Structure formats: C-alpha cells, structure tokens
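Line by line, the protein sequences give chains P and U. Counting in full-length UniProt numbering, the first sequence runs from 1 upward without gaps. Counting in full-length UniProt numbering, the second sequence runs from 1 upward without gaps.
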Amino acid sequence: MKFIHTAKTAFHGLERNKSRSGLTVLGIVIGITSIILIMSIGQGAEDLILGQIQGLGTRTIAVIPGREPSGPSDVAQIFSDSLKARDLELLKRKENVSGLESIMPIVFGSESVSFEGETYRATIFGGTELATEIFDLAPREGVFISDDDVRGRADVVVIGAKVKEELFGDSDAIGKRVRVKDRSLRVVGVLPTKGQVSFFNFDEAAFMPYTTAQQFIFGIKYFHRFIVEAESEGAILRTVEDLKVTLRESHGITDPDKDDFFVQTQADLASRLSTITSVLTLFLASVAAISLVVGGIGIMNIMLVSVTERTREIGLRKAVGAYRKDILYQFLLEAVLLTGTGGIIGIGLGAALSFLAGLAISQFVGVEWKFSFPVSAVFLGLGVSGFVGLIFGIYPARKAAEKSPIEALRYE
Amino acid sequence: MAFIEAKNLEKVYETEGVRTPALHGVSFSIEKGEFVAVMGASGSGKSTLLHILGFLDRPSGGEYVFNGKRFSDYNDDELADIRNREMGFVFQSFNLLPRTSVLENVMLPLLYSKVKDGEWEARARAAVEAVGLEHRMNHVSSQLSGGEKQRVAIARALVMNPKVIFADEPTGNLDSKSGGVIMEILDDLNRTRGHTIILITHETYTASYAERIIRLHDGIIAEDRKVKERVNGKEGFVK
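So, in structure tokens, the structure goes:
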C-alpha cells in the first residue's frame with residue numbers, strides 16, 4: 001500500500017470521529033502552546049535584559065563593596081562600607097589604573113521627596129556629572145548637575161519623569177525647592193521618560209551630587225558603587241586587574257580570597273543573566289513538557305479505545321488483503337496526525353499568546369519588550385509532538401496490527 | 001487436482017488450556033464454477049470451515065489446497081495477497097466502514113491490491129453498478145437499508161474479480177425480500193460470470209439456490225448431495 005493511501009486512510013479514520021479527535025488533540029495543543037509560550041517569553045526576557053545591560057555600555061565596569069556572593073544563599077554583603085573617598089582618589093590616578101577613562105562614585109537609597117504637601121518615595125541617586133554619559137541621561141528640561149555642584153555639595157536635584165509628575169503634575173518644576181529628609185534642594189533639571197535601564201529606574205529617581213547625598217541625606221562616608229569607564233573594550237581586562245590591585249593595596253589585603261569588594265564587568269553580568277534566563281526557560285519548558293506526556297497518554301488511551309471499537313474494521317481490512325504493517329502504519333499515522341495537528345495548532349497559539357503577552361508586558365510594566373519567536377521553537381514543537389505521537393501511538397497500533405482477521409470479524 | 005480440496009481437515013480451538021474441537025476430519029473437493037451451500041446448526045463447525053477455506057485461519061490438522069496453493073506454504077502477508085486477489089468475502093453483518101461512501105467502501109480491497117490507483121474508481125463504479133446501486137454511489141453506509149448494505153458488500157467482494165466468493169450467512173440479518181435479492185445476485189454471479197460461490201447458511205430456502213449442499217453436524221460431514229430442484233434465479237440481474 002502506498003504511503004499516500006495509508007495517510008488518506010488514517011486521515012479518514014480521524015475524520016469519522018471529529019469531536020473525539022479534537023478533544024484528544026487538545027492535550028497536545030496545551031503542551032506545545034505552553035512550551036512555545038515559555039520559550040518565546042524566555043527569549044524575549046533575555047533579549048530585554050541583555051539589551052538593557054548593553055544600553056549601559058560595554059566599557060562599563062562596576063566596583064561593588066563587600067564580598068562577591070558565591071551562591072544564592074550567600075547574600076550577606078559584609079564589608080559593605082569598604083569603598084571610601086581615599087579609594088576614589090587612588091583609582092583616579094593614571095599610574096594606578098592606566099586604562100581608566102572616567103570614574104563615578106555613586107550612593108543610593110530610598111527616601112521621600114516632598115513638595116507642598118505632595119510626597120513621593122523616590123530612589124535617591126548620588127553621583128557626578130558623568131552620569132549623563134554613563135547612563136545616557138540628558139535632562140529634557142533645565143540642566144544636569146555639574147562638577148561644581150559636586151565639589152560644593154550644592155543643594156540641587158535632577159528629578160525623573162515620574163517624580164516630576166507625582167509632585168508637580170503639569171506645572172513647572174525647574175527652580176522649585178523640594179524637601180528630602182530635612183534638606184531643601186532646588187530642582188535644576190527634569191529627566192525624560194526612560195523606563196528601566198539595567199537595574200535602575202531613573203523615572204523614579206532624584207539625582208543629586210554624591211557629596212550632597214552622602215553628607216545630608218544618607219549621612220555616610222562610603223560609596224555604594226564605583227562606576228568605571230575603560231578607555232576601550234580592549235582595556236577592560238587590564239583596568240579590572242589594576243582596580244583590584246589598587247584597592248587591595250589601599251585596603252591592606254594580600255589574599256585575593258579575602259577581598260572586601262568585587263568587580264563586575266557588563267560582559268560578566270550579561271553572561272550571568274543570560275545563563276539565569278536560559279536555565280529558567282529550560283526549567284519552565286520541562287515543566288510544560290510534563291503536560292505533553294499527559295497529552296500523549298491521553299492519545300494512547302483514546303487510540304486503544306479506538307482500536308477496540310474498530311476491531312471489525314481491522315478484521316475486514318485484513319480479510320480483504322491488508323498486511324500487518326498496513327494496519328500498523330494506519331494507526332501509527334493516526335496518532336502522529338493527531339499529535340502533529342496539535343503541534344501545529346500549539347505553535348500558532350503559542351506564538352499568538354506570546355505576542356499578546358509581549359504587548360501586555362510593554363503596556364503594564366513599561367519596558368520595551370520585543371516579541372521574539374525562536375525558529376528552533378517551531379522545530380522543537382513539531383519534533384516533540386510528532387515524537388509523542390510515535391511513542392504513544394506505537395502500542396495501540398501494534399495491538400491493532402496483531403489482531404487476527406477472524407477474531408476481529410467475530411467481535412461483537 | 002480440484003479447485004478446492006480439503007483432506008481430513010481438523011480444527012481445535014484452545015483457550016486457556018481448554019480444547020474445543022470444531023472440525024474432526026472433513027474432506028471434500030469443489031470444482032471451479034460450483035455453487036456450494038454449507039449447512040448446519042450453530043456449533044456444527046460451518047463458520048470454522050469457512051475461515052479455513054478463506055485462508056483466514058489455519059487448520060490444526062489435515063490438508064487444504066486452494067487453486068494449487070497450500071496454506072502452509074505462505075506467510076501472513078502472502079495469504080493476505082491471495083485473499084485480496086482471488087477471494088471475495090460477504091459477511092452476515094455487512095462490515096461496511098461507517099461514515100464512508102458506498103464507492104469508498106467498494107474501493108477498500110483495491111487499496112491493498114497492486115491495481116494502479118488510477119483504475120480504482122472505474123473498477124469500483126463498475127462493481128457498484130453490477131449490484132444495481134449506481135444511484136447510491138455517494139451515499140454513506142448509514143443511509144442504506146440492510147439489503148442495500150449487503151449489496152455494497154457484494155460489490156466490494158466483486159471488485160477484485162475473485163475466483164471464489166465466500167458468503168457467511170449473507171441473508172441472516174435481512175428480511176426475506178431483501179434476502180431474496182441478495183440470493184438472486186449471488187446466483188446470477190455464479191451462472192453468468194462463473195464465480196465459484198461457497199455459501200454458509202442454516203436456511204434451507206437460501207441453500208436451495210446452490211447446486212450442491214454439504215451438511216455439517218458436530219464437525220463432520222453428515223451429508224454431501226446435489227440439489228435436485230435448484231431455485232432458478234432471474235437471469236440478467238447482474239449487469
């Protein structure tokens with residue numbers, strides 16, 4: 001029997017029982033849909049995170065106080081006050097860190113910002129004028145903080161778009177004075193809406209000279225980060241080494257295992273985060289794969305019922321000349337057609353749902369989500385669904401093929 | 001050698017260690033073009049005999065030769081080929097595929113044959129026309145009456161132009177009028193087309209269409225005789 005006729009026979013077999021076939025397919029549809037959805041959203045999340053990190057510039061290096069966390073449980077950041085003003089001075093020197101182009105110390109924390117009875121809990125961000133370059137922050141109104149502001153601990157602040165809206169609404173903010181803790185600060189600039197950049201949301205930030213923030217807001221003498229720009233991408237490794245050596249010397253550390261700081265490059269961060277998202281995607285996809293197994297068992301169950309129900313048909317086919325393998329392929333193909341159809345519907349549905357999910361994320365979370373649909377997901381979806389059909393179809397198909405024509409014809 | 005030759009055929013069914021003998025040494029021969037009715041009460045072994053004659057089941061003992069072919073010389077697939085090319089089957093309960101058109105039902109044996117698929121439809125149409133159901137060609141089986149269903153089954157048995165047609169109680173599920181039509185068709189196929197017909201029945205009237213009756217009783221042949229007054233079916237029923 002030619003393959004095409006076996007396929008037609010299998011198709012008619014399913015067609016004769018449309019609603020049952022449809023319900024059987026549902027299990028596979030759900031399984032494939034969830035796998036596609038998870039893969040597509042996982043890919044989108046990875047693209048988004050990596051995009052944001054790259055948005056910070058690939059030459060950016062962060063020096064973070066405390067010991068580098070070695071695992072998820074090791075969150076205690078000891079020595080969190082280890083980065084001092086003296087370190088900043090040492091790192092700025094060309095003879096210590098030759099590949100360094102610029103360095104910005106930052107301090108941050110959450111504080112209430114208020115204006116005429118309106119209060120908003122903002123992220124207080126203390127830095128220097130270099131933030132305009134490093135974070136690509138150009139104010140949409142007014143000016144950014146200047147070098148002089150930093151040196152003079154000026155009471156000036158640049159506020160994010162959300163902060164401006166919450167405190168001032170539509171009215172002008174430039175020149176107005178806002179209160180942070182007991183300090184009165186003059187608004188000199190307003191940032192445009194930027195959304196999330198890396199880990200910072202500048203829309204909800206109030207940006208001021210780090211000197212001001214250290215002394216009047218947080219009352220500390222250390223820094224939360226040094227953000228370093230290397231001269232070039234080629235200079236990153238050298239710069240990282242120089243930073244470490246200089247800081248160890250400054251802190252009197254001889255054993256690198258006892259470092260009270262750690263250095264992170266954007267590349268590190270990118271690879272680490274992409275590993276995390278990949279592992280998460282894989283994990284979720286394997287959970288979804290369980291539903292495929294359940295769907296497959298559903299197919300097997302229905303196929304077994306169908307084989308019993310169609311005992312006469314099988315007997316008749318054999319009596320009029322069907323080979324054992326004609327029957328085997330017919331029922332196997334029925335199973336694969338069921339799961340394959342489920343796979344195709346699942347791929348389409350998964351793509352549509354992840355597209356909608358992308359729209360929803362952009363809308364409600366306020367990030368720029370790019371819909372991404374990995375081609376590998378299509379092949380995976382088809383491959384897996386076909387495979388499920390083969391695996392769970394083989395047993396019923398063999399049972400059908402084994403039937404003897406007389407047993408089958410006698411069956412009542 | 002005769003067209004169909006049975007020598008001392010035995011069949012014993014074994015289920016869960018219990019041996020149930022169905023045939024104890026049955027011998028006869030049938031020539032090409034004969035119309036033979038195998039009669040007997042239920043349990044007499046007539047269906048068992050038909051299964052063996054139709055290459056659907058292996059005998060436990062004895063020898064069976066069909067058209068020079070010995071059951072034991074062939075594997076299952078080769079037996080399927082012989083059934084496909086040389087034998088037609090008509091069953092008491094029609095065994096049509098549900099929700100499938102008359103034409104497609106009749107085409108079924110062609111699906112498993114070596115006939116080129118371009119010829120299938122023409123051959124199936126000719127077979128449907130032969131049993132006078134051309135006006136039902138595209139109806140599905142559930143829209144047909146019992147008699148019509150059995151005519152479709154006969155068309156299906158005819159479509160490969162087999163040497164022999166095995167009919168297992170073909171009128172058993174039909175009223176006498178429809179049953180009569182079925183017998184007219186079988187009779188005509190035998191007379192005008194020369195198909196050998198082996199009919200299993202327990203009805204004397206139905207058996208009287210045959211030219212010879214083999215009567216089984218408890219697995220042995222109780223009687224093997226020519227029919228003296230064969231019912232003379234109307235000529236020209238089969239087109």
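We put the beta carbon where it would ideally sit given N, CA and C, even for glycine. A quick note: this is a predicted structure, and the numbers were derived from the prediction, not measured.
Shortest alpha-carbon distance to residue i belongs to which of the options?
i, options, result
"P/G127", "P/L48, P/Q215 and P/I290", "P/Q215"
"U/F3", "U/R19, U/E16, U/Y13 and U/V36", "U/V36"
"P/V263", "P/A62, P/A322, P/G321 and P/S171", "P/A62"
"U/T206", "U/H135, U/K46, U/L9 and U/M183", "U/M183"
"P/K194", "P/V367, P/S376, P/I174 and P/S82", "P/V367"
"P/I391", "P/G358, P/N301, P/D172 and P/F125", "P/N301"
"P/G296", "P/I38, P/A7, P/G13 and P/V29", "P/V29"
"U/N190", "U/S176, U/D73, U/I165 and U/W120", "U/I165"
"U/V115", "P/K2, P/A319, P/A206 and P/A45", "P/K2"
"U/D76", "P/K318, P/F364 and P/F371", "P/K318"
"U/A210", "U/E16, U/K228, U/L216 and U/N161", "U/K228"
"U/S208", "U/E121, U/G180 and U/I221", "U/G180"
"P/N396", "P/P374, P/I406, P/A322 and P/I299", "One detail in the question is off: residue 396 of chain P reads as Pro in this sequence, not Asn. The shortest Cα separation from P/P396 among P/P374, P/I406, P/A322 and P/I299 belongs to P/I299."
"P/K84", "P/Q52, P/K325, P/S250 and P/E231", "P/S250"
"U/T196", "U/D73, U/V12 and U/P162", "U/P162"
"U/R58", "U/D117, U/N67 and U/D73", "U/D73"
"P/S404", "P/V188, P/I344, P/I345 and P/R324", "P/R324"
Pull up the CB-CB distance for residue i and residue j, whole angstroms please, since I reckon it's below 8 Å.
i, j, result
"U/I154", "U/V90", "6 Å"
"U/K69", "U/I82", "6 Å"
"U/E63", "U/K7", "4 Å"
"P/H224", "P/F355", "Not quite, the Cβ-Cβ distance comes to about 39 Å (not below 8 Å), so this is no contact."
"U/H202", "U/G88", "With a Cβ gap of about 21 Å, U/H202 and U/G88 do not count as contacting."
"P/R153", "P/L191", "P/R153 to P/L191, Cβ: 21 Å. No contact."
Output needed for residue i: all residues of its chain with C-beta closer than 6 Å, excluding positions within five of it in sequence on either side, in chain order.
i, result
"P/L273", "I49"
"P/S112", "T119 and R121"
"U/S101", "N138 and V140"
"P/G389", "A335, V336 and T339"
"P/Q43", "S372 and P374"
For residue i, I'd like the list of residues in its chain whose CB is within less than 8 Å of its CB, leaving aside the five on either flank, ordered along the chain.
i, result
"P/K399", "L304 and V307"
"U/V131", "R151, V152, I154, A155, L158, I185 and V238"
"P/E233", "T58 and R59"
"P/I220", "D81, V107 and Q214"
"U/S113", "N84, R85 and M160"
"P/V163", "V113, Y120, A122, D203, E204, A205 and A206"
"P/R248", "T254, P256 and D259"
Could you name the residues of chain U that residue i contacts, counting a contact when the two beta carbons are closer than 7 Å?
i, result
"P/A319", "L56, R83 and F89"
"P/M1", "L111 and Y112"
"P/L316", "N95"
"P/L337", "Within chain U, no residue comes near P/L337; the closest Cβ sits about 17 Å away, beyond 7 Å."
"P/L390", "The contacting residues do not exist; P/L390 stays about 23 Å from chain U at best."
Please list the partners that residue i has in chain U, where partner means a Cβ-to-Cβ separation under 8 Å.
i, result
"P/T9", "L111"
"P/L333", "By Cβ distance, chain U contributes nothing, its closest Cβ being about 14 Å from P/L333, past 8 Å."
"P/L328", "By Cβ distance, chain U contributes nothing, its closest Cβ being about 12 Å from P/L328, past 8 Å."
Which same chain residues, not among the five before or five after residue i, have their C-beta less than 7 Å away from its C-beta?
i, result
"P/S146", "E129"
"P/D242", "N96, V97, S98 and G99"
"U/G194", "G33"
"P/A10", "Q330, L333, E334 and L337"
"U/L96", "N105, S141, K149, V152 and A153"
"P/A285", "I35, I38 and M39"
"P/A377", "I36, M39 and S40"
Whose Cβ in chain B lies nearer than 7 Å to the Cβ of residue i?
i, result
"P/E313", "In summary, chain B is missing from the structure at hand, where the protein chains are P and U."
Name the chain P residues whose beta carbon is nearer than 9 Å to that of residue i?
i, result
"U/T171", "Chain P residues near U/T171: none, gap ~17 Å exceeds 9 Å."
"U/D77", "Y323, R324 and K325"
What does residue i reach in chain U if we use C-beta pairs closer than 9 Å?
i, result
"P/R16", "L97, P98, R99 and T100"
"P/L349", "Those within 9 Å of P/L349 in chain U number zero; the least Cβ separation is about 29 Å."
Would you mind telling me which residues of chain P sit closer than 7 Å to residue i, beta carbon to beta carbon, in chain order?
i, result
"U/A80", "K318, G321, A322 and Y323"
Which residues in chain P have a C-beta closer than 8 Å to the C-beta of residue i? List them in chain order.
i, result
"U/H51", "I406"
"U/L108", "L316, R317 and V320"
Is the closest heavy atom of the ligand SAM to the C-beta of residue i under 7 Å?
i, result
"U/L144", "Ligands displayed in this structure: none; no statement on the ligand SAM is therefore possible."
Item to check | Any beta strand (DSSP E) of 3 or more consecutive residues that is wholly inside the region 151-205 of chain U | outcome: 164-168 and 196-201
Item to check | Start-end ranges of the alpha helix (DSSP H) lying completely within the region 139-183 of chain P, minimum 4 residues | outcome: 147-151 and 161-168
Checklist entry - At which residue ranges does the region 238-282 of chain P contain complete beta strand (DSSP E) runs of 3 or more residues, listed in the order of the chain? => result 261-265
Item to check | 4-residue-minimum alpha helix (DSSP H) runs that sit fully inside the UniProt domain "ABC3 transporter permease C-terminal" (286-405) of chain P, ordered along the chain | outcome: 311-319, 324-365 and 375-402
Checklist entry - Which full runs of the alpha helix (DSSP H) of 4+ residues lie inside the region 50-101 of chain U, going along the chain? => result 76-86
Next on the checklist: Report the start-end ranges of each alpha helix (DSSP H) in the region 32-105 of chain P that is 4 residues or longer and not cut off at the edges.
Outcome noted: 85-92
Item to check | 3 or more residues per run - each beta strand (DSSP E) lying fully within the region 12-52 of chain U | outcome: 18-30 and 35-39
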